[in-house]
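In our numbering, the protein residues as written are 1 to 266.
Heads up, the beta-carbon is just placed ideally off N, CA and C, and yes, glycines get one too.
For clarity, every value in this text was computed on a predicted model and none was experimentally measured.
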């Protein structure tokens, strides 16, 4: 889909944008910035908007589309072949509370497919970069999803908010360990780098939450898909997708079976 030179150019653009955004993010110390509550569990901070502006300036070129959580949705993106799908600050609650499980997420989508991505966690100094034909690097070192044949002994990352609401009680007491973690993008990045074995959420997610992570998991040789057999395509008019699961290839069928059983008991 992309030449080697094109992939290298896009990844360089992603890394440069993440570096610029990280510089901005580190200027915001928890407790020192304005927080606007949009109702429910969503909040917006000064950091979200500032990071979004930097990402747009660093990434967007002529004839490319743009979809960001913090910007009005310009439907002109639907006619573009190349679209940037970004979340300037995924894990806003963790960011506000000073928990180092938030990230900046950049996904590159071409003709509806997430082909490259970059996710950085400024609080921990982690950088995940990858594309479908070049694999994934973690802090510039090549990585891949962990080869595992069974969920026994696996580490599964759960949404901290879902876990705190009791939604993961149905998965407790099994042969794998569960670790509540903020930011769905960060969880997907950790799976892609082999630092966790699986993650899933039964809650709907927007394209900007998952585009970069989906690209990374696939680039690392892992499996990822929407629950309820929904089509995992990007740059749609309606950006909300059903829940998502990701894992190493060897345990994918076990993960899907487990989620299907859980869905039947909801």
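Under a 10 Å Cβ-count criterion, residue 240 is classified as exposed, with fewer than 16 other Cβ atoms of the shown protein chains found around its own Cβ.
Here residue 78 is exposed: its Cβ has fewer than 16 other Cβ atoms, across all protein chains shown, within 10 Å.
Counting only runs of 4 or more residues that sit fully inside the stretch 165-219, the alpha helix (DSSP H) segments are 184-192 and 207-219, in chain order.
7 Å or more divides the Cβ of residue 159 from the Cβ of residue 103. Per DSSP, the continuous beta strand (DSSP E) segment holding residue 246 begins and ends at 244-247.
With a cut-off of 8 Å on Cβ pairs, the stretch 126-143 is not in contact with the stretch 158-172, counting fewer than three such pairs. Its chain contains 87 and 208 as the residues whose beta carbon lies nearer than 6 Å to that of residue 69, once the 5 sequence neighbours on both sides are disregarded; these appear in chain order.
When DSSP assignments are scanned along the stretch 56-125, the uninterrupted stretches of alpha helix (DSSP H) that are 4 or more residues long and fall wholly within it turn out to be 92-97. Relative to residue 113, the option among 256, 225, 253 and 177 whose CA is nearest is 225.
Taking a cut-off of 8 Å on C-beta distances, the stretch 145-155 does not touch the stretch 18-30, as fewer than three cross pairs fall below it.
Residue 146 carries a coil assignment under DSSP once its states are collapsed to helix, strand and coil. In the DSSP assignment, residue 24 falls within the alpha helix (DSSP H) that extends over 4-25.
Counting along the chain, residue 157 sits inside no alpha helix (DSSP H); it lies in the beta strand (DSSP E) bounded by residues 155-159. Around the beta carbon of residue 218, 16 or more other beta carbons lie within 10 angstroms, which makes this residue buried. Measuring C-alpha to C-alpha distances from residue 115 to each of 244, 243 and 10 identifies 10 as the nearest. Bounds of the alpha helix (DSSP H) holding residue 253 are 252-264. When the Cα atoms are used, residue 179 and residue 154 turn out to be separated by approximately 11 Å. For residue 135, the enclosing beta strand (DSSP E) stretches over residues 135-138. Within the DSSP secondary-structure output, residue 141 pairs in a beta bridge with 138.
According to the DSSP assignment, residue 238 belongs to no beta strand (DSSP E), since it is labelled neither H nor E. Nearest in C-alpha terms to residue 260, of all of 200, 56 and 216, is 200. Between residue 157 and residue 220, the C-beta spacing is not below 7 Å.
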